[in-house]
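Chemist: Input: one structure, supplied below.
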DNA sequence: CGCCGCCTGTCAGCCTCCCGTCAGCCGGGA
DNA sequence: TCCCGGCTGACGGGAGGCTGACAGGCGGCG
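Protein chains in written order, with UniProt numbering: chain A, 1 to 221; chain B, 1 to 221.
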């Protein structure tokens, strides 16, 4: 699950990133409305957390443009405590839910899970890349129809790369996702993990881009 | 099975809780519509018992919002004796069944079981996995035809896993469904319970996926 | 009211196997 | 050719999971 977080206050943004990643999501932060609009249009996310009250293009503007462009992305908006008017406008503009600042991280995660569940009907729970299939409901992975056993960490790594199929992901980001950002693990641990995972998947699934990172190539479906 | 009960009258709420727990369900009570909406959206329940005529957001309002949000949760509504109009509106708003107050607890449980069975897609009230058979009406379990007795908790755990046969269920989720979300029980309690249950069932019924959770394998019908 | 049994959470000890580390190798680029 | 980034086999520590023992609690029964 990949979440786009639009928040200009660095402290809060960092908190949200940490909370989401602790809950097993992948968070990407952008700080202003223009960037949010661009990312939401050019990449695929599973949901968006949108602070109203942003520099450049404000949150409501982003939301309206998204809906006008028929982007069905679920959106959770963050509003100030006294932003009663904002909330109403936000819901009218197509937000799926709102949360009043300040809030507890648990609540953010709970509401996010709720709107993800609601929209879960649309997205297939199965991620595919060539001969590899990953079923998020049963947490099973198969290669050319044959089921294989992955450890918890291998599974998370594969799921993450499949969510970002076609993109090159830097090693540092992978480590962050696997262990939280406060990890002093060495890069070699990731390499060892990758070796073990590749052995189970077979060749050609996970590619190395020397100096850049790793990726699962887009098609070959 | 985890049931959300929405009832503002404490006496009745307590009665329902007791009846449901006696029948082997886990009941969580909320007293008003806003709370009901929030809980139903942020947690996962197997069904909801909803009193129409609540403070703040009324029962019908809750139901309409749930259905508008595409939440498929089975809902059983409670209405006053002369609430003919309410009943019709309730069914129109997406309730699965209704019950007229006052009612006998046995009837509530029976109807609940019926709508649970319907929505689970199980035509039969008997759940099977390999040599194990669980009859939800009589609450009996047998292995290769020989009846065994399970404690209340063991039964709940087995029933839940059988309902989600083929899926891997994380330990945290199992604890939620066994005790409700407000439990500070330790993971080890679950492990102890599993040991006792497995001893009665024999090997191969409940599998551990280290780091992922537990599951009853799908095939072996 | 007190005794007794069963259920279930906690604790401690054990076992399995995951995964981080290390050391050495490979291969591409200058 | 050397160097650097990435790969891989081996191994040991430790986390995750299992189980036997025990105790507190609750209901049943005399």
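Quick reminder that beta carbons are idealized off the backbone N, C-alpha and C, glycines included.
#1: According to DSSP, is residue 189 of chain A part of a helix, a strand, or is it coil?
#2: Please report the Cβ distance between residue 154 of chain B and residue 197 of chain B, rounded to the nearest whole angstrom; I am assuming they are in contact, meaning their Cβ atoms lie under 8 Å.
#3: Considering Cα atoms alone, identify which of A:80, A:29, A:94 is closest to residue 61 of chain A.
#4: State the DSSP-derived secondary structure class of residue 119 of chain B, mapped to helix, strand or coil.
#5: Would residue 10 of chain B be called buried (16 or more neighbouring beta carbons within 10 Å of its own) or exposed?
#6: Any beta carbon of chain B sitting closer than 8 Å to that of residue 11 of chain A?
#7: Tell me which same chain residues have a C-beta within less than 8 Å of the C-beta of residue 74 of chain A, skipping the five on either side of it?
#8: Ignoring anything shorter than 3 residues, give me the beta strand (DSSP E) runs that lie fully in the UniProt domain "Response regulatory" (2 to 116) of chain B, in order along the chain.
#9: Distance check for residue 36 of chain A and residue 174 of chain B, CA to CA, integer angstroms please.
#10: Taking only beta-carbon atoms, is residue 123 of chain A less than 8 Å away from chain B?
#11: Quick check: the Cα distance between residue 111 of chain B and residue 20 of chain B, rounded to an integer number of angstroms?
#12: Just to confirm before moving on: does the CB-CB distance between residue 204 of chain A and residue 145 of chain A stay below 8 Å?
#13: Taking Cβ-Cβ distances below 8 Å as the criterion, which residues of the stretch 138 to 160 of chain A are in contact with chain B?
#14: Determine which residues of the stretch 189 to 215 of chain B have a Cβ less than 9 Å from any Cβ of chain A, and write them out in chain order.
#15: Hey, would you say residue 211 of chain B sits closer than 8 Å to residue 151 of chain A, going by beta carbons?
#16: Whole-angstrom Cβ separation of residue 6 of chain B and residue 17 of chain B, contact assumed at under 8 Å?
#17: If the cut is a Cβ gap below 8 Å, which residues of chain A does residue 166 of chain B touch?
#18: At a Cβ threshold of 8 Å, is residue 95 of chain A touching chain B?
#19: Can we say the stretch 156 to 174 of chain A touches the stretch 50 to 70 of chain A, given the rule of at least three CB pairs closer than 8 Å?
#20: Under 8 Å, Cβ to Cβ, is there at least one residue of chain B near residue 111 of chain A?
#21: Pick helix, strand or coil for residue 149 of chain A, following the three-state DSSP scheme.
#22: At the 8 Å Cβ level, is residue 222 of chain B part of the contact set with chain A, yes or no?
#23: Go through its chain and collect everything with a Cβ distance to residue 33 of chain B's Cβ below 8 Å, but skip five positions before and after it.
#24: Have a look at the DSSP bridge pairing and note the partners of residue 173 of chain B.
#25: For chain A, is any of its Cβ atoms less than 8 Å away from the one on residue 107 of chain B?
#26: Suppose you measure from the CA of residue 192 of chain B to the CA of residue 72 of chain A; what does that come to, to the nearest Å?
#27: For chain B, find out if any of its Cβ atoms is closer than 8 Å to the Cβ of residue 23 of chain A; answer yes or no.
#28: Using DSSP bridges, identify the partner residues of residue 207 of chain B.
#29: Does the Cβ-Cβ distance between residue 26 of chain A and residue 160 of chain A come in under 8 Å?
#30: Using the beta-carbon of each residue, which ones in chain B are nearer than 7 Å to residue 114 of chain A?
#31: Please report the Cβ distance between residue 136 of chain B and residue 125 of chain B, rounded to the nearest whole angstrom; I am assuming they are in contact, meaning their Cβ atoms lie under 8 Å.
#32: Using three-state DSSP, classify residue 136 of chain B as helix, strand or coil.
#33: Since I believe residue 143 of chain A is in contact with residue 201 of chain A (beta carbons under 8 Å), could you give me their beta-carbon distance rounded to a whole number of angstroms?
#34: In terms of residue numbering, what span does the beta strand (DSSP E) encompassing residue 128 of chain B cover?
#35: Exposed or buried, residue 24 of chain A, counting other C-beta atoms within 10 Å across all chains shown (16 or more means buried)?
Modeler: Judging by the given coordinates:
#1: Reduced to three states, the DSSP call for residue 189 of chain A is helix.
#2: Confirmed, Cβ separation roughly 5 Å.
#3: Minimum Cα distance to residue 61 of chain A is reached at A:94.
#4: Helix.
#5: So residue 10 of chain B counts as exposed.
#6: Contact of residue 11 of chain A with chain B is not assigned, every C-beta pair being separated by 8 Å or more.
#7: These residues qualify, in order along the chain: 46, 47, 48, 96, 115, 116, 118, 119.
#8: Here the runs fully enclosed are 2 to 6, 26 to 30, 47 to 51, 75 to 79, 97 to 100.
#9: One C-alpha to the other measures close to 38 Å.
#10: Confidence at residue 123 of chain A is low in this model, with a pLDDT of 49, below 50, so its placement is unreliable and no value can be given for it.
#11: Going from the Cα of residue 111 of chain B to the Cα of residue 20 of chain B covers about 12 Å.
#12: No, these two residues do not count as a Cβ contact at 8 Å.
#13: Under the 8 Å Cβ criterion, the stretch 138 to 160 of chain A contributes 138, 139, 140, 151, 152, 153, 155.
#14: The stretch 189 to 215 of chain B vs chain A, Cβ under 9 Å: 209, 210, 211, 212, 213, 215.
#15: Taking 8 Å as the Cβ cut-off, residue 211 of chain B and residue 151 of chain A qualify as a contacting pair.
#16: Not quite, the Cβ-Cβ distance comes to about 12 Å (not below 8 Å), so this is no contact.
#17: Those are 138, listed as they occur along chain A.
#18: Not one chain B Cβ lies under 8 Å of residue 95 of chain A.
#19: Between the stretch 156 to 174 of chain A and the stretch 50 to 70 of chain A, the count of C-beta pairs closer than 8 Å stays below three; the two stretches do not touch.
#20: Yes, residue 111 of chain A counts as interfacial toward chain B.
#21: Coil, per DSSP.
#22: What the structure shows of chain B is the stretch from 1 to 221, and residue 222 of chain B is not part of that stretch, so it cannot be assessed.
#23: 6, 54, 55, 56, 57, 58, 59, 61, 62, listed in sequence order.
#24: DSSP lists no partner for residue 173 of chain B.
#25: Interface annotation, residue 107 of chain B: not in contact with chain A, CB-CB separation never under 8 Å.
#26: For the pair residue 192 of chain B and residue 72 of chain A, the Cα-to-Cα distance works out to about 45 Å.
#27: Taking Cβ atoms only, chain B never reaches closer than 8 Å to residue 23 of chain A, which makes this a no.
#28: Note: residue 207 of chain B sits in a beta bridge opposite B:215.
#29: Yes, Cβ-Cβ distance for residue 26 of chain A and residue 160 of chain A is below 8 Å.
#30: Residues of chain B passing the Cβ test: 41, 42.
#31: Rounded, the Cβ-Cβ distance is 5 Å, consistent with contact.
#32: Residue 136 of chain B: coil per DSSP, three-state reduction.
#33: With a Cβ gap of about 6 Å, residue 201 of chain A and residue 143 of chain A count as contacting.
#34: Boundaries of the beta strand (DSSP E) around residue 128 of chain B: 126 to 129.
#35: Label assigned to residue 24 of chain A: exposed.
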